[in-house]
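Participant:
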Amino acid sequence: MLVLHGLGLIVSSALIVAQSECPGYAATNIQQTQSGLTADLHLAGRSCDVYGVDLPNLTLTVEYQTGISEHRIRGSSRLHVLIQDANETVYQIPESVLPRPNTTSEIWANDSKIQLTYTEDPFSFAVSRLEGEALFNTSGYPIIFESQYLGLRTSLPDGPNLYGLGEHSDHFKLNTTNYTWTLWSRDSYAIPQGTNLYGNHPVYVDHRGENGTHGVVLMNSNGMDIKINNTNGQYLEYNTLGGVFDLYFVAGPSPVEVSQQISEVVGKPAMMAYWTFGFHQCRYGYQDVYQVAEVVYNYSQANIPLEVRVFSSLN
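Reading the sequence shown from the start, the letters are residues -20 to -1, 1 to 295 in mature numbering (1 follows the signal peptide of the UniProt record, and there is no 0).
(1) Looking at Gly161: is its Cβ nearer than 8 Å to the Cβ of His148?
(2) Determine the burial state of Asn176: buried for a count of at least 16 other Cβ atoms within 10 Å of its Cβ, exposed for fewer.
(3) Classify Gln45: buried if its beta carbon has 16 or more other beta carbons within 10 angstroms, exposed otherwise.
(4) Could you say which of Phe229, Gly189, Gly112, Arg109 lies nearest to Leu198 if we only look at CA atoms?
(5) Only counting the same chain, and skipping five residues up and downstream in sequence, which positions put a Cβ closer than 6 Å to that of Thr41?
(6) Go ahead and label Asp34 buried or exposed: buried means 16 or more other beta carbons lie within 10 angstroms of its beta carbon, across all protein chains shown.
(7) Touching or not, the stretch 119 to 132 and the stretch 247 to 266, by the rule of three or more beta carbon pairs under 8 Å?
(8) For the stretch 68 to 76 against the stretch 105 to 119, do three or more pairs of beta-carbon atoms, one drawn from each stretch, fall closer than 8 Å, so that the two count as touching?
(9) In three-state DSSP terms, what is Thr256?
(10) Tell me the rounded alpha-carbon separation between Ser201 and Arg289.
(11) Quick one: give me the first and last residue of the alpha helix (DSSP H) that Ile242 is part of.
(12) Which residue spans inside the stretch 137 to 167 form an unbroken beta strand (DSSP E) run of at least 3?
(13) Taking the alpha-carbon positions, what's the Gly179 to Pro172 distance?
(14) Nearest CA to the CA of Ser292: which residue from Ser280, Gln267, Gly131, Glu1?
(15) Quick one: which unbroken beta strand (DSSP E) runs of 3-plus residues sit fully inside the stretch 102 to 131? Chain order, please.
(16) Could you tell me which of Glu100, Asp91, Ser57, Asn155 sits nearest to residue 325, measuring between CA atoms?
(17) To the nearest angstrom, how far is it from the Cα of residue 325 to the Cα of Val245?
(18) Determine the DSSP secondary structure at Ser135, reduced to helix, strand or coil.
(19) Within the same chain, show all residues whose beta-carbon is closer than 6 Å to that of His(-16), passing over the 5 residues directly before and after it, in chain order.
(20) Start and end of the beta strand (DSSP E) containing Tyr44?
(21) How should His60 be labelled, buried or exposed, when 16 other C-beta atoms within 10 angstroms of its C-beta is the threshold for buried?
(22) Select from Tyr98, Asn212, Ser57, Val30 the residue whose C-alpha is nearest the C-alpha of Gln12.
(23) Compare the beta carbon distance of Tyr30 and Gln(-2) with 8 Å and say whether it is the shorter of the two.
(24) Output the boundary residues of the alpha helix (DSSP H) element that contains Tyr31.
(25) Is Val269 helix, strand or coil by DSSP?
(26) The beta strand (DSSP E) spanning Gly195 covers which residue range?
As structure tokens, then:
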């Protein structure tokens, strides 16, 4: 059974230096609309090719969105930022697997509770509340978009209160010093602490007390390391093995509202079938099907209702 304590994307000091020297991208052909913007992103210098070939041409799409439970007069609380390859050949999560959120029409950027600002060359962007507080800010860090590696870093305030990035058995509040969390789903029946588990949820919530709570969703199903550290300033960094930067920012401002807004992005859990509420019996390591049949028979003999018998494998 494979246990990944990290995907090992940064494996030497030489690669770290090369990554920091990547040129990033420059934004051109910027088209502003009432509900967002589009732009072309071109490699801003000599490619660094740290873990693959830098893709020279990308596109940027920004959409101010309103959830189905909101009304325009209240203001939009969701911002969608999509950075993808210009040819749209890089794998993205199909909408047939994970439908994208519904949104109402005529959502104006001026009505949004969160705003996006950007720098053209090298391209960076920041997402801020109307009051000016930055929630996500990539300035000072080159965006890396390669055939087998994507890198994106945001600065954070000191000592942030971060939650999410499941599934894990670590503390509810995430460690923010020299912390690397690997998202790579695996069977982990013992649920060891500090290792990747069954689920893969690149979603985090940032709680800033009286300043409010917001959430960030990355629609990317590739294996990834998410690094949180405070060297040269507090930051959170995505390091993924592929895909695109498909980001949703939700404004909250309360933790309850953030949960509701995230559920509008990724969908709500399906209603469980009635039979799943019955008694389940499960054990690993049965020798053969006859032993399983004996267990079921003994439940009947003891008059214990048994709705489901689960076994993952037979020796």
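For glycine and all other residues, C-beta sits at the position ideal for the given N, C-alpha and C. None of the values given here were measured: they were computed from a predicted structure.
Facilitator: Let's see:
(1) For the purposes of this step, residue 161 is identified with residue 181 of the sequence shown, where counting begins at 1. For the purposes of this step, residue 148 is identified with residue 168 of the sequence shown, where counting begins at 1. One point to set straight first is that residue 161 is Trp, not Gly, in the sequence displayed. Closer than 8 Å, so yes.
(2) Position 196 of the sequence shown, counting from 1, holds the residue named residue 176. By the C-beta density criterion, Asn176 is buried, having at least 16 other C-beta atoms within 10 angstroms.
(3) Along the sequence shown, one-based indexing puts residue 45 at 65. The residue is buried, with at least 16 neighbouring Cβ atoms inside 10 Å.
(4) As a first step, residue 198 must be located in the sequence shown, where it is residue number 218. Taking only the C-alpha atoms, the option nearest Leu198 is Phe229.
(5) Counting from one through the sequence shown, the residue named residue 41 turns up at place 61. Take Thr41, set aside five residues on each side of it, and the residues of its chain with a beta-carbon closer than 6 Å to its own are Thr18, Leu62, in chain order.
(6) Numbered from 1 along the sequence shown, position 54 holds the residue referred to as residue 34. With 16 or more Cβ atoms within 10 Å of its Cβ, Asp34 is classed as buried.
(7) A contact between stretches requires three or more CB pairs, one per stretch, nearer than 8 Å, and the stretch 119 to 132 fails this requirement with the stretch 247 to 266.
(8) No, they do not touch.
(9) As a working note, residue 256 is residue 276 in the sequence shown. In the three-state DSSP reduction, Thr256 falls in the helix class (H, G or I).
(10) Here residue 201 refers to the residue found at position 221 when the sequence shown is read from its first residue. Here residue 289 refers to the residue found at position 309 when the sequence shown is read from its first residue. Their backbone Cα atoms lie some 31 Å apart in a straight line.
(11) Residue mapping note: residue 242 aligns to position 262 of the sequence shown, counting from 1. From DSSP, the alpha helix (DSSP H) with Ile242 extends over 235 to 246.
(12) DSSP runs (the beta strand (DSSP E)) wholly in the stretch 137 to 167: 141 to 144, 159 to 163.
(13) For this step, residue 179 is matched to residue 199 along the sequence shown. For this step, residue 172 is matched to residue 192 along the sequence shown. The straight-line gap from Cα to Cα measures roughly 14 Å.
(14) Looking up residue 292 in the sequence shown gives position 312. Checked all of Ser280, Gln267, Gly131, Glu1; the closest Cα to Ser292 is Gln267.
(15) Counting only runs of 3 or more, we get 104 to 109, 114 to 117.
(16) It is not possible to answer for residue 325, since the shown part of the chain is limited to -20 through 295.
(17) The structure shown has nothing for residue 325, since the chain only spans -20 to 295.
(18) In the sequence shown, counting from the first residue as 1, residue 135 sits at position 155. In this structure, Ser135 counts as strand in the three-state DSSP scheme.
(19) In the sequence shown, counting from the first residue as 1, residue -16 sits at position 5. Reliability of the predicted coordinates at His(-16) is poor, the pLDDT of 47 falling under 50, and no value is obtained from them.
(20) Within the sequence shown, residue 44 is the residue found at index 64, counting from 1. 37 to 45 is the span of the beta strand (DSSP E), which, as asked, contains Tyr44.
(21) One-based indexing of the sequence shown puts residue 60 at position 80. Classification of His60: buried, given that the 10 Å Cβ count is 16 or more.
(22) Here the question's residue 12 lines up with position 32 in the sequence shown. Looking at Tyr98, Asn212, Ser57, Val30, the one whose alpha-carbon comes closest to that of Gln12 is Tyr98.
(23) Within the sequence shown, the letter at position 50 stands for residue 30. Within the sequence shown, the letter at position 19 stands for residue -2. According to the sequence provided, residue 30 is Val. The question's Tyr does not apply to it. With contacts defined as CB atoms closer than 8 Å, Val30 and Gln(-2) qualify as a contacting pair.
(24) Walking along the sequence shown from the start, residue 31 turns up at place 51. Taken as a continuous stretch (DSSP letters only), Tyr31 belongs to no alpha helix (DSSP H), as it is neither H nor E.
(25) Translated into positions along the sequence shown, residue 269 becomes position 289. DSSP places Val269 in the helix class (H, G or I) of the three-state scheme.
(26) On the sequence shown, position 215 is the one that residue 195 refers to. Counted as a single uninterrupted DSSP element, the beta strand (DSSP E) harbouring Gly195 occupies residues 193 to 198.
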